[in-house]
Amino acid sequence: MTQQQQTAGGDVRLAGISKTYGSFTAVQPLDLTVPQGSFFALLGASGCGKTTTLRMIAGLEEATTGTVSLGDEDITDLPPYKRPVNTVFQSYALFPHLDVAENVAFGLRRRGIKSVKKQVADMLELVQLGDFARRKPHQLSGGQQQRVAVARALINHPQVLLLDEPLGALDLKLRRQMQLELKRIQTEVGITFVHVTHDQEEAMTMADTVAVMNGGRVEQLGAPADLYENPRTTFVANFLGTSNLIEGEVVSTGGDLVVAAGGGKLTLPRERCSAPTTSGGRLLLGIRPEKISLAHVDDADCIAAGRNRVTGRITDSSFIGVSTQYVVESPAGGALQVYEQNIERDTRLVPGAEVVLHWNAAHTFGLDAAQDIDAGASSVEDAE
Amino acid sequence: MSLTEAPPAPPSQPEELRLRKPSTRKRLVPYWLLLPGILWLLVFFALPLVYQASTSVQTGSLEQGFEVTWHFQTYVDALREYYPQFIRSLLYAGTATVLCLVLGYPLAYLIAFKAGRWRNLVLVLVIAPFFTSFLIRTLAWKTILADGGAVVDVLNTLHVLDVTSWLGWTESNRVLATPMAVVCGLTYNFLPFMILPLYTSLERIDGRLHEAAGDLYATPATTFRKVTFPLSMPGVVSGTLLTFIPASGDYVNAELLGSTDTKMVGSVIQSQFLRVLDYPTAAALSFILMAIVLLAVTFYIRRSGTEDLV
Amino acid sequence: MPVLRWIRRNLIVIAGLLTLAYMILPNLVVMVFSFNKPNGRFNYAWQRFSLDAWKDPCGVADLCGSLSLSLQIAFWATLGATALGTMVAFALVRYRFRARGAISSLIFLPMAMPEVVMAASLLTLFLNMGAQLGFWTVLIAHIMFCLSFVVTAVKARVMSMDPRLEEAARDLYAGPVQTFVRVTLPIAAPGIAAGALLAFALSFDDFIITNFNAGSTVTFPMFVWGSAQRGTPVQINVIGTAMFVIAVTVVLAGQVIASRRKNNARP
Chain A
1 MTQQQQTAGG
11 DVRLAGISKT
21 YGSFTAVQPL
31 DLTVPQGSFF
41 ALLGASGCGK
51 TTTLRMIAGL
61 EEATTGTVSL
71 GDEDITDLPP
81 YKRPVNTVFQ
91 SYALFPHLDV
101 AENVAFGLRR
111 RGIKSVKKQV
121 ADMLELVQLG
131 DFARRKPHQL
141 SGGQQQRVAV
151 ARALINHPQV
161 LLLDEPLGAL
171 DLKLRRQMQL
181 ELKRIQTEVG
191 ITFVHVTHDQ
201 EEAMTMADTV
211 AVMNGGRVEQ
221 LGAPADLYEN
231 PRTTFVANFL
241 GTSNLIEGEV
251 VSTGGDLVVA
261 AGGGKLTLPR
271 ERCSAPTTSG
281 GRLLLGIRPE
291 KISLAHVDDA
301 DCIAAGRNRV
311 TGRITDSSFI
321 GVSTQYVVES
331 PAGGALQVYE
341 QNIERDTRLV
351 PGAEVVLHWN
361 AAHTFGLDAA
371 QDIDAGASSV
381 EDAE
Chain B
385 MSLTEAPPAP
395 PSQPEELRLR
405 KPSTRKRLVP
415 YWLLLPGILW
425 LLVFFALPLV
435 YQASTSVQTG
445 SLEQGFEVTW
455 HFQTYVDALR
465 EYYPQFIRSL
475 LYAGTATVLC
485 LVLGYPLAYL
495 IAFKAGRWRN
505 LVLVLVIAPF
515 FTSFLIRTLA
525 WKTILADGGA
535 VVDVLNTLHV
545 LDVTSWLGWT
555 ESNRVLATPM
565 AVVCGLTYNF
575 LPFMILPLYT
585 SLERIDGRLH
595 EAAGDLYATP
605 ATTFRKVTFP
615 LSMPGVVSGT
625 LLTFIPASGD
635 YVNAELLGST
645 DTKMVGSVIQ
655 SQFLRVLDYP
665 TAAALSFILM
675 AIVLLAVTFY
685 IRRSGTEDLV
Chain C
695 MPVLRWIRRN
705 LIVIAGLLTL
715 AYMILPNLVV
725 MVFSFNKPNG
735 RFNYAWQRFS
745 LDAWKDPCGV
755 ADLCGSLSLS
765 LQIAFWATLG
775 ATALGTMVAF
785 ALVRYRFRAR
795 GAISSLIFLP
805 MAMPEVVMAA
815 SLLTLFLNMG
825 AQLGFWTVLI
835 AHIMFCLSFV
845 VTAVKARVMS
855 MDPRLEEAAR
865 DLYAGPVQTF
875 VRVTLPIAAP
885 GIAAGALLAF
895 ALSFDDFIIT
905 NFNAGSTVTF
915 PMFVWGSAQR
925 GTPVQINVIG
935 TAMFVIAVTV
945 VLAGQVIASR
955 RKNNARP
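Chains as they are written, first to last, in our numbering: chain A, 1 to 384; chain B, 385 to 694; chain C, 695 to 961.
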């Protein structure tokens with residue numbers, strides 16, 4: 001196969017690209033580079049502009065400003081059928097009047113390739129649908145339709161494969177399976193994948209790089225682990241997983257930052273704070289629920305020195321198998337979430353119990369207090 | 385045919401278990417629902433066809449009465465005498481159907497994909513002509529196509545009439561009372577029957593399929609040829625049927641806009657039945673027309689593979 | 695050439711609008727010629743502007759009589775065809791029974807039959823039975839050919855109806871009659887209304903079948919037909935224009951009200 005040569009197209013570069021419909025701005029001017037061969041995810045709630053961005057790369061939407069280039073070539077003014085880019089559409093858009101093989105062969109035939117049989121067979125084999133070539137789309141299950149949609153796009157050896165919520169129509173279990181499947185295919189063919197999703201878990205499982213979008217802007221871009229550990233805005237902190245955000249006043253900026261909150265003092269490493277800090281200024285301290293340990297108030301003395309600690313009372317606990325999730329009401333910051341591994345369960349930790357939350361200060365991150373503390377917190381449910 | 389039938393309702397209340405009778409009563413419900421309508425069609429649609437079949441093989445006269453003599457010669461005579469009218473009917477109806485498809489498709493496409501917020505207004509405009517009696521509107525064509533009128537003048541200046549006259553569609557400087565006027569009237573009268581089914585099937589097409597085709601290297605023209613048109617086939621088939629069937633039996637356009645040289649078979653049936661009162665010949669003609677249309681329709685539906693349309 | 699490019703880009707829109715113009719043109723002619731004062735008996739050539747016909751729409755003998763007869767026949771034919779057709783449609787969608795295929799064909803055939811064939815065969819029946827041609831034979835004929843169209847319209851609607859809605863109604867303590875009246879009928883109503891409207895239009899405008907089976911009774915289309923031979927009074931155009939204007943106004947008003955309601959329903 002001549003794949004290597006065909007996929008050597010280069011990076012996808014968006015420069016100052018934006019989209020407005022009348023007075024509504026769907027995408028703010030945006031610069032973005034998707035490195036060649038990467039699995040790139042655009043993550044955000046519905047209406048954040050991620051699908052519009054994708055459609056501008058595909059050529060299905062005309063950009064209001066800015067340019068799209070592929071490698072060194074400016075493709076902004078090319079119609080979709082002249083772009084070396086293919087899309088896996090949301091709910092697939094399979095041609096209902098054509099069978100699976102003809103759906104997959106569609107793009108090849110349009111480019112005047114006559115002998116498509118072998119390629120189609122190979123491609124159906126890759127997506128494990130060899131026996132379904134003569135079925136019509138409506139005779140397939142959701143997962144099979146999804147694989148046909150991927151095959152139909154991939155067979156053209158596009159320089160970039162665009163996936164618009166490709167797993168949105170599948171149930172949870174199938175979705176997990178297809179996530180791994182897509183990841184496998186991407187590794188196998190080495191094509192750049194740009195994946196649009198509202199599911200943060202899906203984005204983190206599959207992508208090398210995730211761009212979190214909100215209100216037509218990219219809020220933050222980075223590797224999944226980096227985004228999770230070092231969110232720079234409250235939106236990212238809340239949208240990617242769960243964060244406990246505690247507001248406090250900066251009391252010391254020498255060495256580590258020290259912040260007064262809820263009657264106690266908490267410290268965090270200076271390099272983990274994305275906001276400007278001055279003594280006396282406000283700051284949001286963030287800590288992920290799984291990083292917190294929970295101790296009954298009677299055992300407070302056993303907690304090692306140097307750890308951040310906050311007192312509170314358990315108001316709710318739910319057992320979910322691998323862990324138990326607690327909600328702790330604390331003077332420091334309202335209701336805090338704590339996830340405890342179910343290794344040795346302390347039977348005293350029931351609703352009503354007075355507890356001390358403690359964690360390694362190095363796990364704390366700092367955010368600008370001038371933001372909406374709840375931004376992105378409920379967006380995941382809204383997006384469905 | 386419908387696959388969405390509800391299963392027969394299971395008897396639910398336990399205390400009614402001893403009563404098996406209501407279920408037989410329930411079984412009869414569809415028959416009671418069907419009875420009046422089906423009876424009506426049997427008596428006033430099917431039975432008349434039988435009467436007509438019998439009339440077509442009768443001989444006799446109005447004064448002495450007719451009786452069944454299995455005189456099939458009537459069919460042979462009728463065909464021999466009136467085959468030009470049959471051929472003309474099929475030719476005119478066929479041409480009008482093709483014209484309806486060619487003219488109607490862009491409009492249906494426009495309403496389905498391009499009209500945006502004007503969609504409802506355009507739809508109303510398509511249906512609006514129905515609100516004036518079609519006879520009045522057909523008479524209006526007499527004014528539009530009148531000798532020396534604007535339309536004829538323009539066609540004359542552009543030398544279109546020279547070409548059509550050479551083809552035998554028009555005569556010298558006239559449009560009225562020529563085949564072209566009749567076909568024009570037929571096309572006009574049955575256009576909505578073409579546009580509405582076309583629109584319905586076009587409107588059902590998922591817009592993303594167009595995008596998907598474009599994404600897969602199909603130019604707009606290819607997208608139309610490979611995706612839009614095939615998916616609109618149900619509309620094309622039902623539209624052509626709804627146009628061709630009534631057009632083939634129509635005699636209003638031929639009588640109002642044509643001349644004695646453009647008479648269609650409907651005119652003959654009408655005058656045999658209502659003026660000449662030669663019932664056997666009229667019935668035979670009517671039967672032949674029915675047979676031709678049904679054969680054509682069956683063949684067409686088979687060919688286009690849309691049997692599920694019925 | 696930018697002009698040519700513009701035309702090429704908008705070819706479909708241009709072609710569609712031309713077709714639309716072709717469809718509307720005769721209506722405009724009818725409207726304009728309702729203000730004509732023709733010289734002879736025929737109203738085909740423009741002479742001069744006049745409001746005479748509008749001042750006296752019933753001024754021609756038998757015109758308004760035929761109009762009222764057509765409206766009466768259309769009303770009763772609609773009522774009959776809608777009632778019978780709705781019942782058949784429900785039976786076809788909701789029940790299993792013998793001879794389903796035959797019954798479906800019987801419904802389909804009248805729509806696949808040239809009108810003149812139905813007209814002629816129905817006349818042979820009436821002649822053989824010695825029936826008196828007139829109001830009743832026309833009404834019978836109209837119910838017959840409207841029936842299939844009503845069945846098709848209602849069937850489409852009932853088929854797209856979720857049967858779980860009726861199950862939900864039964865689950866919420868509605869008996870069979872209540873389920874039908876409170877749930878099934880309201881949901882099927884648009885289909886029934888569409889069928890009824892179609893039936894009214896078909897009946898009111900029918901000429902061929904009526905012409906065969908009316909005897910000496912004259913409906914409005916028959917009056918127009920006769921006048922095409924004897925001389926077309928301007929009043930025909932007045933009636934045609936009035937019908938057109940009233941119907942379009944009603945439809946547009948309905949649309950405006952519907953869109954208002956939709957806007958108001960939004961919080």
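All C-beta atoms in this analysis are idealised placements derived from N, C-alpha and C, irrespective of residue type, glycine included.
For F193/A, the enclosing beta strand (DSSP E) stretches over residues 192-197. At a cut-off of 7 Å between beta-carbon atoms, P80/A makes contact with chain B. Taking all protein chains in view, the Cβ of H543/B is surrounded by fewer than 16 other Cβ atoms within 10 Å, so the residue is classified as exposed. Sequence-distant partners of D899/C (beyond 5 residues in either direction) whose C-beta falls short of 8 Å from its own C-beta, in its chain, are P915. In the structure shown, the three-state DSSP call for F657/B is helix. With its beta carbon less than 7 Å from one in chain A, Y601/B belongs to the interface.
The C-beta of T65/A comes no closer than 7 Å to any C-beta of chain B. Counting along the chain, the unbroken beta strand (DSSP E) around Q325/A starts and ends at 323-330. Positions of the beta strand (DSSP E) runs, each at least 3 residues long and wholly inside the stretch 94-140 of chain A, cannot be given because no such run exists.
Taking 7 Å as the cut-off, the Cβ atoms of F235/A and A375/A count as close. Taken through DSSP and simplified to helix, strand or coil, V950/C comes out as helix.
Residue burial is scored here from C-beta neighbours: A883/C has fewer than 16 other C-beta atoms within 10 angstroms and is therefore classed as exposed. In this structure, P35/A sits away from V85/A, with a CB-CB distance that is not shorter than 7 Å. Exclusion of the five residues before and after E451/B leaves Q442, T443, G444 as the residues of its chain whose Cβ lies within less than 8 Å of its Cβ. The beta carbon of L827/C lies closer than 7 Å to those of F820, N907, A908, G909 in the same chain, with the five residues before and after it left out. The three-state secondary structure of S445/B, taken from DSSP, is strand. Pairing D122/A with A605/B, the inter-Cα distance amounts to about 29 Å. Contact of Q766/C with chain B is not assigned, every C-beta pair being separated by 7 Å or more. Membership of M213/A in the beta strand (DSSP E) is indicated by the continuous run 209-214. When the beta-carbon positions are compared, T67/A and T76/A come within less than 7 Å of each other.
Assignment of R282/A by DSSP, reduced to helix, strand and coil, places it in the strand class. In this chain, the beta strand (DSSP E) harbouring G16/A covers 12-21. Using beta-carbon distances, L124/A does not count as an interface residue toward chain B, since no partner is under 7 Å. For H296/A, the three-state secondary structure derived from DSSP is strand. With a threshold of 7 Å between beta carbons, R464/B makes no contact with chain A.
Against chain C, a Cβ distance below 7 Å from L446/B picks out nothing, because the smallest value is about 11 Å. Taking all protein chains in view, the Cβ of T20/A is surrounded by fewer than 16 other Cβ atoms within 10 Å, so the residue is classified as exposed. Inside the stretch 786-816 of chain C, DSSP marks no whole beta strand (DSSP E) run of 3 or more residues.
In the DSSP assignment, V251/A falls within the unbroken beta strand (DSSP E) covering 244-252. Within the same chain, A261, L285, A332, G333 come within 6 Å of I246/A by CB-CB distance, once the 5 residues on both sides are set aside. Inter-segment contact for the stretch 468-484 of chain B and the stretch 570-579 of chain B is present: three or more beta-carbon pairs are separated by less than 8 Å. The stretch 664-674 of chain B makes contact with the stretch 460-469 of chain B; the number of CB pairs closer than 8 Å reaches 3 or more.
Here DSSP, grouped into helix, strand and coil, assigns D316/A to strand. Here the C-alpha atom of A295/A lies approximately 35 Å from the C-alpha atom of Q220/A. Interface with chain C (7 Å Cβ-Cβ cutoff): V460/B is excluded. It is roughly 7 Å from the alpha-carbon of L425/B to the alpha-carbon of L800/C.
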